[in-house]
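Engineer: I'd like to ask you about the structure that follows.
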Amino acid sequence: MIEVRYFAWLRERIGERAEQVESSAATVTDLVAELAARSEGHALAFADLKSLRVALDQQMAGFDAPLAGVREVAFFPPMTGG
Amino acid sequence: MRLSVQEAPFDLGAESTAFAGRVSGAGAVVTFTGIVRGDGGLTAMEIEHYPGMTERAIRAIAEEAVARWHLTDALVIHRHGRLAVGEPIMMVATAAPHRGDAFAAAEFLMDYLKSRAPFWKKEIGPTGEAWVAAKDEDEAALKRW
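Listed in order, the protein sequences are those of chains A and B.
Residues 1 to 82 in the numbering used here are what the first sequence lists, from first letter to last.
Residues 1 to 145 in the numbering used here are what the second sequence lists, from first letter to last.
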């Protein structure tokens with residue numbers, strides 16, 4: 001079971017802050033394909049991966065990163081702190 | 001190091017005085033404060049963050065600043081939640097033996113907090129709300145370090 005978290009406009013498009021996902025995805029890209037099929041909101045949120053960032057267990061990662069052993073995956077737009 | 005992610009306002013004067021009061025071996029203290037601007041009729045800013053990752057990211061950025069510029073101390077306070085125009089959003093302070101290092105480290109902290117700490121700003125104005133888009137120049141700013 002993976003905890004998937006969404007922030008900013010991704011959270012708004014999907015309509016959830018987090019969801020528990022049963023997945024056998026090998027990489028982030030595989031997981032994205034599964035998530036995008038969940039609803040129209042998901043599909044819209046994941047339409048352009050270039051505008052998204054991903055963190056695995058709260059560390060930045062690439063979309064080709066493997067998911068083995070990962071408990072928490074977060075998707076969000078580029079950060080705008082400061 | 002004092003690192004704080006908080007919803008509550010902070011007292012810029014009190015934080016600066018306390019920081020300067022506990023530095024030892026430093027000849028320079030630099031502070032920077034970010035304030036919510038009222039551009040384009042903006043009335044408020046909503047700041048979302050990723051609890052847990054935010055604290056880890058800020059710690060990593062601050063530790064790098066301390067190591068690279070031989071800081072004797074550093075301070076980062078970053079707020080989240082709803083902030084009105086004119087309110088302080090965040091502050092950094094750096095203490096170093098000489099001012100060059102204190103200024104450079106403060107700029108480094110600002111550049112990295114902007115693009116590498118998981119905060120997202122939403123502007124709230126008279127015509128609605130909009131997420132602030134990350135700027136290419138903010139990403140480019142990281143390359144100088």
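By construction, the Cβ of each residue, glycine as well, lies at the ideal position given by its N, Cα and C atoms.
For alanine 8 (chain A), would you say it is in contact with chain B, using Cβ-to-Cβ distances shorter than 9 Å as the test?
Structural biologist: Interface residue, yes.
Engineer: Taking the Cβ atom as the reference point for each residue, do alanine 134 (chain B) and serine 115 (chain B) lie within a distance shorter than 9 Å?
Structural biologist: The answer is yes: Cβ separation under 9 Å.
Engineer: Closer than 6 Å by C-beta to glycine 81 (chain B): which residues in its own chain qualify, once you throw out the five before and the five after it? Chain order, please.
Structural biologist: Glu7, listed in sequence order.
Engineer: Is the beta carbon of alanine 74 (chain B) closer than 9 Å to that of alanine 62 (chain B)?
Structural biologist: Cβ atoms of alanine 62 (chain B) and alanine 74 (chain B): closer than 9 Å.
Engineer: Kindly indicate the opening and closing residues of the alpha helix (DSSP H) around tyrosine 150 (chain B).
Structural biologist: For residue 150 (chain B) there is no data in the structure shown, the boundaries of chain B being 1 and 145.
Engineer: Out of B:Thr43, B:Arg144, B:Glu15, which has the shortest C-alpha to C-alpha gap to glycine 128 (chain B)?
Structural biologist: Taking only the C-alpha atoms, the option nearest glycine 128 (chain B) is B:Thr43.
Engineer: Quick check: what's the CA-CA separation for serine 24 (chain B) versus threonine 72 (chain B)?
Structural biologist: Looking at the two C-alpha atoms, the distance is approximately 7 Å.
Engineer: In whole angstroms, what is the alpha-carbon distance linking aspartate 11 (chain B) and arginine 99 (chain B)?
Structural biologist: Those two C-alpha atoms are separated by around 24 Å.
Engineer: Measure from the C-beta of threonine 27 (chain A) to each C-beta in chain B and report whether the shortest distance is under 9 Å.
Structural biologist: False, the Cβ-Cβ gap to chain B never drops below 9 Å.
Engineer: Output needed for glutamine 58 (chain A): all residues of its chain with C-beta closer than 8 Å, excluding positions within five of it in sequence on either side, in chain order.
Structural biologist: Contacts found: Glu72, Ala74.
Engineer: For arginine 99 (chain B), which residues in chain A fall below 7 Å Cβ to Cβ?
Structural biologist: Here the premise fails: no neighbours, minimum Cβ distance about 22 Å.
Engineer: Which residues, in chain order, does the stretch 63-81 of chain A contribute to contact with chain B at a C-beta distance below 8 Å?
Structural biologist: For the stretch 63-81 of chain A, which is checked against every Cβ of chain B, the residues closer than 8 Å are Ala74, Phe76, Pro77, Pro78, Met79, Thr80, Gly81.
Engineer: Within the same chain, show all residues whose beta-carbon is closer than 7 Å to that of leucine 83 (chain B), passing over the 5 residues directly before and after it, in chain order.
Structural biologist: Taken in chain order, the residues that qualify are Val36, Ala44, Met45, Ile47, Ile89.
Engineer: If you follow the alpha helix (DSSP H) that threonine 94 (chain B) is in, where does it begin and where does it stop?
Structural biologist: Here threonine 94 (chain B) belongs to no alpha helix (DSSP H); instead the beta strand (DSSP E) covers 88-96.
Engineer: What first and last residue would you give for the beta strand (DSSP E) that runs through threonine 27 (chain A)?
Structural biologist: That residue, threonine 27 (chain A), is in no beta strand (DSSP E); it is neither H nor E in DSSP.
Engineer: Measure the Cβ-Cβ separation of proline 97 (chain B) and methionine 53 (chain B) and say whether it is below 9 Å.
Structural biologist: For proline 97 (chain B) and methionine 53 (chain B), no; Cβs fall outside 9 Å.
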